[in-house]
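S.K.: This structure is in structure tokens; I'll ask about it shortly.
Protein chains: 4
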Amino acid sequence: MAKKTGEKYQNIIEAAVKVIAQHGYHQAQVSKIAREASVADGTIYLYFDNKADVLVSLFKEKMGAFVQATRERIELLERADDRLRELIYMHLWQMSQNRDWAIVTQIELRQSDPVVRAGINQALKEYLKLIDEVIFLGKEQGVFRENVEHRVARKMIFGTLDEAVTSWVMNDRKYNLVSLVEPIHNLFINGLKVEKQ
Amino acid sequence: MAKKTGEKYQNIIEAAVKVIAQHGYHQAQVSKIAREASVADGTIYLYFDNKADVLVSLFKEKMGAFVQATRERIELLERADDRLRELIYMHLWQMSQNRDWAIVTQIELRQSDPVVRAGINQALKEYLKLIDEVIFLGKEQGVFRENVEHRVARKMIFGTLDEAVTSWVMNDRKYNLVSLVEPIHNLFINGLKVEKQ
Amino acid sequence: MAKKTGEKYQNIIEAAVKVIAQHGYHQAQVSKIAREASVADGTIYLYFDNKADVLVSLFKEKMGAFVQATRERIELLERADDRLRELIYMHLWQMSQNRDWAIVTQIELRQSDPVVRAGINQALKEYLKLIDEVIFLGKEQGVFRENVEHRVARKMIFGTLDEAVTSWVMNDRKYNLVSLVEPIHNLFINGLKVEKQ
Amino acid sequence: MAKKTGEKYQNIIEAAVKVIAQHGYHQAQVSKIAREASVADGTIYLYFDNKADVLVSLFKEKMGAFVQATRERIELLERADDRLRELIYMHLWQMSQNRDWAIVTQIELRQSDPVVRAGINQALKEYLKLIDEVIFLGKEQGVFRENVEHRVARKMIFGTLDEAVTSWVMNDRKYNLVSLVEPIHNLFINGLKVEKQ
DNA sequence: AATGAATGAGCTTTCATTCAT
DNA sequence: GATGAATGAAAGCTCATTCAT
Chain A
1199 MAKKTGEKYQ
1209 NIIEAAVKVI
1219 AQHGYHQAQV
1229 SKIAREASVA
1239 DGTIYLYFDN
1249 KADVLVSLFK
1259 EKMGAFVQAT
1269 RERIELLERA
1279 DDRLRELIYM
1289 HLWQMSQNRD
1299 WAIVTQIELR
1309 QSDPVVRAGI
1319 NQALKEYLKL
1329 IDEVIFLGKE
1339 QGVFRENVEH
1349 RVARKMIFGT
1359 LDEAVTSWVM
1369 NDRKYNLVSL
1379 VEPIHNLFIN
1389 GLKVEKQ
Chain B
1199 MAKKTGEKYQ
1209 NIIEAAVKVI
1219 AQHGYHQAQV
1229 SKIAREASVA
1239 DGTIYLYFDN
1249 KADVLVSLFK
1259 EKMGAFVQAT
1269 RERIELLERA
1279 DDRLRELIYM
1289 HLWQMSQNRD
1299 WAIVTQIELR
1309 QSDPVVRAGI
1319 NQALKEYLKL
1329 IDEVIFLGKE
1339 QGVFRENVEH
1349 RVARKMIFGT
1359 LDEAVTSWVM
1369 NDRKYNLVSL
1379 VEPIHNLFIN
1389 GLKVEKQ
Chain C
1199 MAKKTGEKYQ
1209 NIIEAAVKVI
1219 AQHGYHQAQV
1229 SKIAREASVA
1239 DGTIYLYFDN
1249 KADVLVSLFK
1259 EKMGAFVQAT
1269 RERIELLERA
1279 DDRLRELIYM
1289 HLWQMSQNRD
1299 WAIVTQIELR
1309 QSDPVVRAGI
1319 NQALKEYLKL
1329 IDEVIFLGKE
1339 QGVFRENVEH
1349 RVARKMIFGT
1359 LDEAVTSWVM
1369 NDRKYNLVSL
1379 VEPIHNLFIN
1389 GLKVEKQ
Chain D
1199 MAKKTGEKYQ
1209 NIIEAAVKVI
1219 AQHGYHQAQV
1229 SKIAREASVA
1239 DGTIYLYFDN
1249 KADVLVSLFK
1259 EKMGAFVQAT
1269 RERIELLERA
1279 DDRLRELIYM
1289 HLWQMSQNRD
1299 WAIVTQIELR
1309 QSDPVVRAGI
1319 NQALKEYLKL
1329 IDEVIFLGKE
1339 QGVFRENVEH
1349 RVARKMIFGT
1359 LDEAVTSWVM
1369 NDRKYNLVSL
1379 VEPIHNLFIN
1389 GLKVEKQ
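Chains as they are written, first to last, in the working numbering: chain A, 1199 to 1395; chain B, 1199 to 1395; chain C, 1199 to 1395; chain D, 1199 to 1395.
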């Protein structure tokens, strides 16, 4: 039913991001998004099945671009540990570049109902797959330990980055998020323990 | 105004957890909670200021007990790395023990409105403080590296555990969450890298 | 926000008068008014900000027409005492013509909350101004005494008419309200005292 | 059922006046009145049938005293026109003496539901009867015109005084209400018209 | 394709009254 | 007589979605 292309399709998605970032998820009514996109309320339903579809599409579009950009950048690098650093960098850098998107992603969209959550999780899988690939590569290259459970490592990497961005957004972005790239990478690679001397 | 003690107070909190876990946040009406607690709708307002207050109180009560139990257990141990293992264990074990609570905490309560979120974040701080204490102790004992940024380490520990539990809940708890204690602890301590030989 | 024009706007106002007159102020729920107006509950909120706005608008619309009709009629007359008689006549005649409106105005709307009261008082001022004009004209024409305090005279005129209509409504309109025009006018003009002979 | 005597009965009535004057009719909950009277909520129902009964009783008690005091004073005077002046004076003076009572009587109690209104009107009749008596006496004494309709005169007297007090209360009692006694009396007696010379 | 007026289901909270103690 | 904890009915308002134009 919904025609998921065209200029208006993009306009509506951008409008949704803007409205949600500005007014919060619970104040992001369809009519407000329509006004921001300069279309009629009904027009939204020509491009999307329902409101949840707007949110899920929004997340997929943005997340797709995010993953692709990250993938392109890390594949320029050889070593898995360098790729991991680049992934951490891209994650934090992209979020710090787009204030609205960070708010929407880390705070507002988490309040959405189960249907939207399901769509979001679906879109997230692509990113988790990319993380897995880095881990597997690291093991192959003998850079990461063989006995590291890749599912556990993936949770650590995603969980830490996610928590870092959320915490940064919640603290009104008072510090430079990208400055965390090295400390985080270092911690992932070397762990907490003191090196034997 | 609200009398935040007594048997009914506890009943209502338990009923809220049950209803939210069973029907989801958006289907957890006051009347449903009241029925589950075997009180009249109005009775809830003798013990809580409003619905948000029920949810925040619920989180504070449970989280307070959670943090206290964890603190008591880890303080029986000497070394910071052992304490960290115990904290990981307590986090995962307590969540795996209480199916409803895990769902409420990881999924449903995240959908709540800003007022509830603020109350929840407040309650979470106590837990983050406990994590910080373990990190500081580790540095003092020379068990953890001095040059580890404690804020980054805290984000890693909390972010990883949180992601692990969410992931486990979302996958319908198909595996034993406690089995992740060792892998996670190992990863936190030793990192991803291969040991020099 | 509210679009205060159109056929539906008028329909809702008429429906509100009817429902309030029939069921009383405290039984005039929005849903009842909507049903009477043959619109959905939500439609009311396209034309009015809230329930109080319906009531205030209703009063303003009706009172505005009332004052205008009265003004047009009295301005056809020269002498202030004739104008006063016409004002008394119009007041009593218009009320006796519209059973529902009289009930709403004299009984039901007086039960309304402070917000509505404030709006009503605002609308009443226009009528009081008209009364004042008649008094001033009378003084200019040498028909009314110069030493009559116009504020006191205004209270007498409005207070008496208001009491007359209220009393008539409360007594289930058993007599002809318009028959009071002459006695009231006579009393206003000549007072209680016996003429010196 | 209700025992309409005793110290607590009086306390509750005084408390009701105070609470209504202070917080307004719509904020005068039974529990608030009970607290002000230093009794339990349930105790009110030992002395009154229901909330409406409290309000009606309150009005009757106060109005009874008001009428009696007025009657005693005017009966000291011979002439009906003097009695009328005294009645005007007593009405305005008593209201201006008791701020709370004036607010309750003129503003707040008018918002009450039909049951209370009916009780109030009942209590008012005694006062209207007193006004009638003055008018009849005036006619007998040849002080007031025979051809004055007493019902109309009564409406004028009560309507004007009522409007005067309401207006004074609404204007935050910025002027001295008693200063209106002479102007009002003069207007009632002599009317608006210029004396023939 | 686009519009936007109309729909109507759904829910938190208040408060007069009761009754077991 | 006095208490006050408990009751539960009742209603204004929002907003995603539709559909006639």
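Cβ atoms here follow ideal geometry from the backbone N, Cα and C, with glycine treated the same way. No experiment lies behind these values; they were computed from the predicted model shown.
Rounded to a whole number of angstroms, what is the C-alpha to C-alpha distance between residue 1242 of chain B and residue 1210 of chain B?
M.R.: About 7 Å.
S.K.: Residues of chain C with CB closer than 7 Å to the CB of residue 1440 of chain D, please, in chain order.
M.R.: Absent from the structure is residue 1440 of chain D, since the part of chain D shown begins at 1199 and ends at 1395.
S.K.: Expressed to the nearest angstrom, what Euclidean distance is found between the alpha-carbon atoms of residue 1327 of chain B and residue 1235 of chain B?
M.R.: Roughly 34 Å between the two C-alpha positions.
S.K.: I want to see whether chain B comes within less than 8 Å of residue 1308 of chain A, judged by CB atoms only; does it?
M.R.: So yes, residue 1308 of chain A belongs to the interface.
S.K.: Can the beta-carbon of residue 1232 of chain A be found less than 8 Å from the beta-carbon of residue 1226 of chain A?
M.R.: No, the pair does not count as a contact, with Cβ atoms beyond the cut-off.
S.K.: Hey, is residue 1293 of chain A's beta-carbon within less than 8 Å of any beta-carbon in chain B?
M.R.: No, residue 1293 of chain A lies away from the interface with chain B (no Cβ there is under 8 Å from its Cβ).
S.K.: Any beta carbon from chain D within less than 8 Å of residue 1343 of chain C's own beta carbon?
M.R.: Closer than 8 Å to some Cβ of chain D, the Cβ of residue 1343 of chain C qualifies, so yes.
S.K.: Does the count of Cβ pairs from the segment 1260-1269 of chain C and the segment 1321-1338 of chain C closer than 8 Å reach three?
M.R.: At 8 Å Cβ cutoff, the stretches touch.
S.K.: State the DSSP-derived secondary structure class of residue 1258 of chain A, mapped to helix, strand or coil.
M.R.: Three-state result, residue 1258 of chain A: helix.
S.K.: Return the CA-CA distance between residue 1201 of chain A and residue 1372 of chain B, expressed in angstroms with no decimal places.
M.R.: Those two C-alpha atoms are separated by around 38 Å.
S.K.: Whose Cβ in chain B lies nearer than 9 Å to the Cβ of residue 1374 of chain A?
M.R.: Here the premise fails: no neighbours, minimum Cβ distance about 13 Å.
S.K.: Listing by chain order, which chain A residues have their CB less than 7 Å from the CB of residue 1347 of chain B?
M.R.: In chain order: 1381.
S.K.: Say whether chain D places a C-beta atom closer than 8 Å to the C-beta of residue 1367 of chain C.
M.R.: It does not; no Cβ of chain D falls within 8 Å.
S.K.: Quick one: grab the DSSP three-state call for residue 1202 of chain D.
M.R.: In this structure, residue 1202 of chain D counts as coil in the three-state DSSP scheme.
S.K.: Within 10 angstroms of its Cβ, does residue 1293 of chain D collect 16 or more other Cβ (buried), or is it exposed?
M.R.: With 16 or more Cβ atoms within 10 Å of its Cβ, residue 1293 of chain D is classed as buried.
S.K.: Below 9 Å between beta carbons is the criterion; list the residues of the segment 1213-1224 of chain B that meet it against any residue of chain A, in chain order.
M.R.: Against chain A - using a Cβ distance shorter than 9 Å - the residues of the segment 1213-1224 of chain B are 1222, 1223, 1224.
S.K.: Anyone know if the C-beta pair for residue 1340 of chain A and residue 1385 of chain B falls short of 8 Å?
M.R.: The answer is no: Cβ separation not under 8 Å.
S.K.: Taking the alpha carbon of residue 1301 of chain C as the reference point, which residue from C:1222, C:1207, C:1323 has its own alpha carbon closest?
M.R.: Taking only the C-alpha atoms, the option nearest residue 1301 of chain C is C:1222.
S.K.: Taking the alpha carbon of residue 1166 of chain C as the reference point, which residue from C:1218, C:1230, C:1319 has its own alpha carbon closest?
M.R.: Outside the displayed span of chain C (1199 to 1395) sits residue 1166 of chain C, for which this structure offers no information.
S.K.: Since I believe residue 1387 of chain A is in contact with residue 1279 of chain A (beta carbons under 8 Å), could you give me their beta-carbon distance rounded to a whole number of angstroms?
M.R.: Confirmed, Cβ separation roughly 6 Å.
S.K.: So does the segment 1304-1324 of chain C actually touch the segment 1305-1312 of chain D, counting three or more Cβ pairs closer than 8 Å?
M.R.: Cβ pair count under 8 Å is three or more, so yes.
S.K.: At what residues does the alpha helix (DSSP H) containing residue 1346 of chain B begin and finish?
M.R.: Unbroken run through residue 1346 of chain B: none, as it is neither H nor E.
S.K.: If contact means a Cβ-Cβ distance below 9 Å, which residues of the segment 1312-1330 of chain D contact chain C?
M.R.: Going along the segment 1312-1330 of chain D in chain order, one finds 1312, 1315, 1319 with a Cβ nearer than 9 Å to chain C.
S.K.: Under 8 Å Cβ-Cβ, which residues of chain A neighbour residue 1360 of chain B?
M.R.: Those are 1357, 1361, listed as they occur along chain A.
S.K.: How many angstroms separate the CA atom of residue 1348 of chain A from the CA atom of residue 1317 of chain B?
M.R.: Answer to the nearest angstrom: the Cα atoms are 35 Å apart.
S.K.: What does the Cβ neighbour count give for residue 1396 of chain A, buried or exposed, with the cut at 16 atoms within 10 Å?
M.R.: Nothing about residue 1396 of chain A can be read from this structure; chain A reaches only from 1199 to 1395.
S.K.: Contact defined as beta carbons within less than 8 Å: I believe residue 1290 of chain D pairs with residue 1219 of chain D. What is the distance between those atoms, to the nearest angstrom?
M.R.: That pair is no contact at about 18 Å.
S.K.: Between residue 1354 of chain B and chain A, is there a C-beta pair that is closer than 8 Å?
M.R.: Chain A, which has a Cβ nearer than 8 Å to the Cβ of residue 1354 of chain B, makes this yes.
S.K.: If we call anything under 8 Å between Cβ atoms a contact, is residue 1350 of chain A one with residue 1378 of chain B?
M.R.: Yes, these two residues count as a Cβ contact at 8 Å.
S.K.: Here's the rule I'm using: 16 or more other beta-carbon atoms within 10 Å means buried, otherwise exposed. How should residue 1277 of chain A be labelled?
M.R.: Looking at its Cβ environment, which holds fewer than 16 other Cβ atoms inside 10 Å, residue 1277 of chain A is exposed.
S.K.: Does residue 1140 of chain C come within less than 8 Å of chain D when only Cβ atoms are used?
M.R.: Lying outside 1199 to 1395, the shown extent of chain C, residue 1140 of chain C is not represented and no answer is given.
S.K.: Relative to the ligand PLP, is the shortest distance from any of its heavy atoms to the C-beta of residue 1342 of chain A smaller than 7 Å?
M.R.: Questions concerning the ligand PLP fall outside what the structure shown contains, since it holds no ligand whatsoever.
S.K.: Whole alpha helix (DSSP H) runs in the segment 1319-1393 of chain D with 4 or more residues, listed along the chain?
M.R.: Whole alpha helix (DSSP H) segments, 4+ residues: 1348-1368, 1379-1388.
S.K.: Name the residue from B:1203, B:1204, B:1224, B:1228 whose alpha carbon lies nearest to the alpha carbon of residue 1213 of chain B.
M.R.: Out of B:1203, B:1204, B:1224, B:1228, B:1228 has the C-alpha closest to the C-alpha of residue 1213 of chain B.
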